[in-house]
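Here's the structure we're looking at; comments come further down.
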Amino acid sequence: MAAYSVAGLIVLSILLIGLVLFRPSIVAARGGKILAFIALFILPIFATGLGGSIHLEHSKSREFCLSCHVMEPYGKSLYIDDPNYLPAAHFQNHRIPAEQACYTCHTNYTLFGGAKSKLRGLNHIYVYYLKTPPAKIALYEPFQNRECLHCHANARSYEETTPHKEMKEQLASNDMSCITCHNKIHDAAKVGTAKLWKGPGA
Amino acid sequence: MTASAAALQHKLTIAGILLASGLAVEGITLLWAHPLSFLLFCGLGGALVLAGIAVYLFAIVNR
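Residue numbers (the working numbering), protein chains in the order written: chain U, 162 to 363; chain S, 19 to 81.
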């Protein structure tokens with residue numbers, strides 16, 4: 162919807178630019194100068210800014226992440242038919258927004274986490290198109306509990322589970338990783354042989 | 019039309035063409051959620067819009 166609004170703004174800008182170009186006499190008057198300033202300066206800046214923000218929003222989508230061929234097995238792993246398989250269980254049960262599944266778990270929930278993720282995304286685009294992507298995709302750093310606790314902290318299902326209660330301090334300080342126990346995570350190599358969920362309504 | 023007015027008109031035409039093409043590229047890329055569309059938005063659309071704005075500002079400052 163927002164993309165169509167910006168597209169509308171872009172069309173309006175182009176029409177006004179066309180008016181200034183094809184009726185140059187209007188620029189002679191004061192009102193025409195203001196119109197030219199709006200058409201040739203204000204609206205393009207505004208449209209480019211809004212367009213950039215829509216592209217940043219698009220970059221959070223699963224479709225965007227999985228458009229790189231190397232990410233396909235990871236996308237497929239979201240459909241593994243196993244309730245203990247962590248990414249699949251989150252995706253299939255909508256514990257995370259399904260359309261932003263990759264970003265929701267793999268962004269960094271700190272002050273500049275979103276910006277950092279997008280800079281990494283730019284690096285991924287550079288490596289994917291201009292260099293050779295690594296044979297084995299790996300995280301930049303070990304997965305932080307902070308990303309899990311962003312949603313799970315203070316949730317009854319998390320707080321009232323015995324192992325979580327016993328290790329609350331270690332989990333909060335990241336001394337004990339969540340994936341020590343919840344270790345069925347993206348296993349790209351095995352996706353080809355795993356039983357897959359066919360999706361809602363299948 | 020004086021020579022300076024004609025020169026201004028010429029620069030405004032170049033600015034308008036650059037801006038319209040840049041905005042058209044940006045508009046098209048918005049319909050596609052793909053890394054290449056982001057690159058086109060910044061690398062081509064953004065560059066054309068910036069160039070158009072620069073030509074426009076240059077034209078009105080040097081008239």
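Glycine included, C-beta positions come from ideal geometry on N, C-alpha and C.
Being a predicted model, the structure only gives us computed values, none of them experimental.
Short of 6 Å from the beta carbon of E44 (chain S), and not among the five residues preceding or following it, lie these beta carbons of its own chain, in chain order: F59, G63.
Within the segment 49-61 of chain S, the residues whose Cβ lies closer than 9 Å to any Cβ of chain U are, in chain order, L49, W50, A51, H52, P53, L54, S55, F56, L57, F59, C60. In the structure shown, the three-state DSSP call for I241 (chain U) is strand. From the beta-carbon of G275 (chain U), no residue of chain S is found nearer than 9 Å; the closest lies around 15 Å away.
One alpha carbon belongs to E260 (chain U), the other to R223 (chain U), and they sit about 5 Å apart. Shortest Cα-Cα distance from W358 (chain U) to any of U:I206, U:Y270, U:P248 involves U:P248. Partner residues in the beta bridge of L357 (chain U), as assigned by DSSP, are U:I241. The residue among S:I32, S:T20, S:A23 with its C-alpha nearest the C-alpha of L201 (chain U) is S:I32. From the beta-carbon of V167 (chain U), the residues of chain S found nearer than 8 Å are G45, L48. Listed along chain S are L30, G34, each with a C-beta nearer than 8 Å to that of V181 (chain U). Separation of P53 (chain S) and F225 (chain U) (C-alpha to C-alpha, rounded to the nearest whole angstrom) is 7 Å. The three-state secondary structure of Q331 (chain U), taken from DSSP, is helix. Contact between V167 (chain U) and I215 (chain U) holds, with the beta-carbon distance rounding to 6 Å and staying under 8 Å. In the structure shown, the three-state DSSP call for Q305 (chain U) is coil. In this structure K221 (chain U) is buried. Its beta-carbon is surrounded by 16 or more other beta-carbon atoms within 10 angstroms.
Using a Cβ-Cβ cut-off of 8 Å, A42 (chain S) is close to I171, I175 of chain U, given in chain order. DSSP places E44 (chain S) inside the alpha helix (DSSP H), whose first and last residues are 21-47. Apart from the 5 residues on each side of it in sequence, A65 (chain S) sits with its Cβ closer than 8 Å to the Cβ of G40 in its chain, given in chain order. Judged by DSSP in its simplified three-state form, C226 (chain U) adopts helix. Residue range 247-253 is occupied by the alpha helix (DSSP H) that includes P248 (chain U). The criterion of a C-beta distance shorter than 7 Å is not satisfied by N306 (chain U) and L283 (chain U). By the neighbour-count definition (other C-beta atoms within 10 Å, threshold 16), I195 (chain U) is an exposed residue.
Distance between H251 (chain U) and I257 (chain U), taken at the CA atoms: about 6 Å. Taking 7 Å as the CB threshold, G236 (chain U) stays off the interface with chain S. Using beta-carbon distances, A38 (chain S) counts as an interface residue toward chain U, with a partner under 7 Å.
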